[in-house]
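Remarks on the structure that follows.
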């Protein structure tokens, strides 16, 4: 259940509701938005216990939540979650582009990529320092050295940095160097990791597991929010199906579905979704048209020599063209995207 | 193999190549486009037999086709296939909208739907007279009476009509009343039907099977072309995956993939792909952004009373809003779509 | 709804119920088993109309059917459907083995295969005369000549013959030469074909579509039964999933699921399910252990030269070994399978 | 590449090969079996460097490994890996049954379950102390208290204990109380966890991810082996497909496929695979027939009151019947399974 507080409810009234929820043996999960406060009620007490909360001072109404998730549900928060960046924000009117190489490979490579994507209008630099690889014998990333290179690129370009964290014990280290913590598709149901990023003070980009339903994705986000971190972005990155012409199948219908089910921002990763460079821009444009709040796309200064994902990485030129086409489209679908002239 | 004739090759030269192909025990499949003629060579003769064709008068070059399909391959035809309509054409610069009810239910219903979609800028009226239904006890369509109602709606609105044909013996009847023959998803590998529509003199809208790869879709189109009918449109209508939040999963990456593999037009059916009315427009816009040549969308004058697919049918008002948003977007992605003011 | 007649109900009582059902505007579908008669009631009359049938003479009880299918449901027939063969029967205690080549290629080949499988204990000869092929350029089978060769092999071995029928207009021809009509996976929802075999006087082996649910399979069988043919065998032949190590994924859980949902016999096709010769016997044994009523397995006298499916065909020696292992297992799982000594 | 040492190769010869591999910049991964030693060569040196190893004393031959995995490959170890238990062993002639509740709920419950499954012939007690749950609000297991209860049940019954470990930092604690560490399906690609159990001194039961290919499963096992732990069992527990009649789809073909690709034992989990109590025994028998080395099955003293997975848990009586049927079948498929009389 969700307790929706009146817009003018004060701290004393909110506190009174929270204490009553605790007294009844439930856990209160307050969420404060611009248009007021809602309090999720979590736990397994007796049904019907809570009806009298509707009479408490400052309470606007009680809402039953039909889903197994609560805090992520649209009903729990009337306005969209907006996550501020160094420049701009995710979840507002702007269509935010995150771009950069699959892996951080060297100082030269990451700086070249950062300059290229910043110069074309990206807001966030992506790049993997810790890489989850299917084989133990594949390149596993530069680790902490990679994080330092990303931080250096950020200082030079003033892009925000998003990078993957693979284990609970890495969270503090990654949070020190990065602005946004990425949870990868393979770890979407790694609950120890979800709890750890839920306790971190950094926004989280949560990638949908390649085998995960939208409900499971929302429940994974619920793990993060239930641990106190409300700054979660959901990322559709293609699901695994029988089709092998593309690397994965981009579930574009997930964009309107998620936007109607949750207040959290939705990002699309067209690079992993299709896996073929020439087809990435079409899917990126489809994401904008379908209502996504942004994309995360792989760009490499020299894709043919990339240590990973070269076949799906855009060149800097290709990325500039993509940005120009997105900027041309954005106003027609009610979004903003400005690119350097 | 494909024999590409020089742009100025004459009928005698083309005939000479065809006769030589036949003499060697292969079957020639000529295709005439604006920029010249190409001749597919089909059959199982000895490899290497054909090299001397390169020396024949009027031959520009020979091309090996790496795919199991030949006539549908982009290599087989340098320019896109364009299919003329009563007004406009499919496969050119225009983004073509086909719309109408799932099933023809009554004269009033189909005429109301036809006027509504024509008034909003659709080019083609869709509507099922013969309905493939999972259960033998579900409404199976009005049959021939439905075809006559569609033809009446066409006379009134000058829309083209697309409707499904379910069996070889229905082809003549359906072709008498409809402009475009639809092969449904369940019949994508019904080879007797593919051969029958391949011998018909009507364009074909071939829907991808819910379980079919892009290669299988292209090979199904090859069956139609190999029987002489080159006017084929491919339709992505959502594939079956593990996800149940949407009716099917719209494989938006299939659009750029198909556009790069074949010269045939690509249509998206957002209604069957997501199955939820509120999510249909987002996917329709994604189709335009991804490079599709058109959409086919369900519109019903009174969706809540529809005999089939009501939950995914747009209302006439919803359809007008969708058309307005598509018309606003189209120029930004290099397409045309004009709607009545 | 299902009307279950008392075991001792006579023809007059059954007729009375049938007439009353018709009078109310429904269609009666009687089914006569050893333990009595049940009458399915099909149609879309007003709910509640039928309660008074419970008072009719000879009626034991009325049963609501919770599934969208009726005639195939276990509730509709208390005892298993048993389909008699020239020797033995399908759906009884015997575990029935159907075996033979993918395609009929020549007189020598089909006779050699027939002798080999008959000599090892098979009851039914399989072999394709009309072949559904993904590509229009692949070998499409010998057609009517193939049917004649199968009939010759039957005369020599006294095996029953099962072969595929691909279109309604082929039904009469195939039924003339074959004992069992096979509907292939690609045609599982070809309703014109289902209706045609439903009107035929031959048992039908209905293969599950490669991406069809069990409910869709049961509804396809319902189409056949609703047209009057009650001798239907369901065949699990592997479904399409993301896994590519095997040709398809054998859904072994479908066997107990189907046996609990329907009275129809269940056959497993391990050859198409795994697609690798060395792995076929393990899956064949799993089918027996899981409760299937039989298998259909590809055997070729010289698999390396087969025109189709050679990689998954057993050799005659491999088939004999498989039969020996199945015969050793059968009594331990309550089945019979006798092989020549 | 794999270096296969001669059966009589001594420690000095093995050491010589290892030093040479290291000198060339590769990492040697020796594996000692009853029939000799093989040394995997891991790393990214220049191709062709290693040919001269064939001439080293004690080397029988070099083998290229066509797969991306090395240590798990059948080529790397001529005989099956056998994992000893307190009573019996996994991977030998015996068909090993692991059984018990989904979650440890209470002392009474786990002791009752342990006695029941031990009394019916199980070798290993399963039970979850740390439970991965899709929702943060579901019962998450008793944690360390659950581990102590499992250890108590082991002391009383002398069953081995298998239980899940969900995070690297839990490995030491779980290894203290359990005999076998289970890595759950959701964590199959949690590489930090795979590395941690790879450094543990306990056998590992590695469950296949619900949408993981066999190759990914083998590579996950390779992570564990590459970290030094060679006692890995692979568990097929059903994959996620479009079918919803069963909880997952049991990929029975994976059993012969894995047995031909790897020397590691293969276990099937019929409970999660089908998810319906009545259908579990059929799939368990199919696993035995298909060549699995054992099963892991859910048994609860009172399934209708289970906190998790009650619908798929066998009762103690149902489990005894299953064991009797498996024991009856085992000799017919060349396996041993003895049950108390």
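Chains as they are written, first to last, in the working numbering: chain A, 36 to 376; chain B, 36 to 376; chain C, 36 to 376; chain D, 36 to 376.
Note that the Cβ used here is the ideal one computed from N, Cα and C, for glycine as well.
Any chain C beta carbon closer than 8 Å to residue i
i                     : result
residue 278 (chain D) : yes
residue 221 (chain B) : yes
residue 179 (chain B) : no
residue 288 (chain D) : yes
Rounded Cβ spacing between residue i and residue j (contact assumed at less than 8 Å)
i                     : j                     : result
residue 37 (chain D)  : residue 77 (chain D)  : No, residue 37 (chain D) and residue 77 (chain D) are not in contact; Cβ-Cβ is about 10 Å, not under 8 Å.
residue 133 (chain A) : residue 329 (chain A) : 7 Å
residue 98 (chain B)  : residue 110 (chain B) : 5 Å
residue 52 (chain A)  : residue 287 (chain B) : Their Cβ separation, rounded to whole angstroms, is 44 Å, which puts residue 52 (chain A) and residue 287 (chain B) out of contact at 8 Å.
residue 153 (chain A) : residue 136 (chain A) : Contact flag wrong, Cβ pair sits at about 14 Å.
C-beta neighbour in chain A for residue i, strict 8 Å
i                     : result
residue 272 (chain C) : no
residue 37 (chain D)  : no
residue 225 (chain D) : yes
residue 258 (chain D) : yes
residue 164 (chain D) : no
residue 324 (chain D) : no
residue 239 (chain D) : no
residue 321 (chain B) : yes
Within-8 Å CB hit, residue i to chain D
i                     : result
residue 254 (chain A) : yes
residue 245 (chain C) : no
residue 113 (chain C) : no
residue 209 (chain A) : no
residue 13 (chain C)  : Outside the shown range of chain C, which is 36 to 376, sits residue 13 (chain C), and nothing can be said about it.
residue 82 (chain C)  : In this prediction, residue 82 (chain C) scores a pLDDT of 48, lower than 50, which makes its location untrustworthy; the coordinate-derived value is nonetheless stated afterwards. No, its Cβ sits nowhere closer than 8 Å to a Cβ of chain D.
residue 343 (chain A) : no
residue 332 (chain C) : no
Interface flag, residue i vs chain B, CB-CB below 8 Å
i                     : result
residue 275 (chain D) : yes
residue 316 (chain C) : no
residue 201 (chain C) : yes
residue 46 (chain A)  : no
residue 291 (chain A) : yes
Contact test: residue i Cβ vs the ligand NAD heavy atom, cutoff 7 Å
i                     : result
residue 231 (chain B) : The ligand NAD is not part of the structure shown, which contains no ligands of any sort.
Buried or exposed (CB count within 10 angstroms, at least 16 for buried), residue i
i                     : result
residue 62 (chain D)  : exposed
residue 96 (chain A)  : exposed
residue 303 (chain C) : buried
residue 375 (chain B) : exposed
residue 169 (chain B) : buried
residue 307 (chain B) : buried
residue 174 (chain C) : exposed
residue 57 (chain B)  : exposed
Are the segment 312-321 of chain B and the segment 288-297 of chain A touching, with three or more C-beta to C-beta distances below 8 Å? The answer is yes - the segment 288-297 of chain A touches the segment 312-321 of chain B, with three or more Cβ pairs under 8 Å.
Got a sec: which bits of the segment 136-162 of chain A sit with their beta carbon under 7 Å from any beta carbon on chain B, in order along the chain? Listed by position along the chain: nothing, the set is empty.
Just by C-beta distance, which residues in the segment 348-366 of chain A are closer than 9 Å to chain B? Within the segment 348-366 of chain A, the residues whose Cβ lies closer than 9 Å to some Cβ of chain B are 360, 363, 364, 365 and 366, listed in chain order.
Taking any Cβ of chain D, which residues in the segment 297-316 of chain C have a Cβ under 9 Å from it, in chain order? So the list reads 305, 308, 309, 310, 311, 313, 314, 315 and 316, given in the order they occur along the chain.
Chain B contacts made by the segment 121-134 of chain A, where a contact means CB separation under 8 Å: Of all residues in the segment 121-134 of chain A, none is placed with a Cβ closer than 8 Å to any Cβ belonging to chain B.
Any 3 or more C-beta pairs closer than 8 Å across the segment 356-368 of chain A and the segment 42-59 of chain B: In short, these stretches do not touch, since the Cβ pair count stays below three.
Touch test, the segment 237-252 of chain A against the segment 216-223 of chain A, Cβ-Cβ under 8 Å, three pairs minimum: As far as the Cβ criterion goes, the segment 237-252 of chain A touches the segment 216-223 of chain A, which means the pair count is three or higher.
If contact is defined by three or more beta carbon pairs under 8 Å, each pair taking one atom from either stretch, is the segment 165-174 of chain B in contact with the segment 194-209 of chain B? In short, these stretches touch, since the Cβ pair count reaches three.
Do the segment 261-276 of chain B and the segment 222-235 of chain B touch if we need at least three Cβ pairs shorter than 8 Å? Pairwise C-beta distances place the segment 261-276 of chain B in contact with the segment 222-235 of chain B, as three or more of them are shorter than 8 Å.
Any chance the segment 234-244 of chain A sits against the segment 135-152 of chain A, with 3 or more Cβ pairs inside 8 Å? With contact defined as three or more Cβ pairs closer than 8 Å, the segment 234-244 of chain A and the segment 135-152 of chain A are not in contact.
Contact between the segment 276-284 of chain A and the segment 265-285 of chain C is defined here as three or more beta-carbon pairs at a separation below 8 Å; is this criterion met? Cβ pair count under 8 Å is three or more, so yes.
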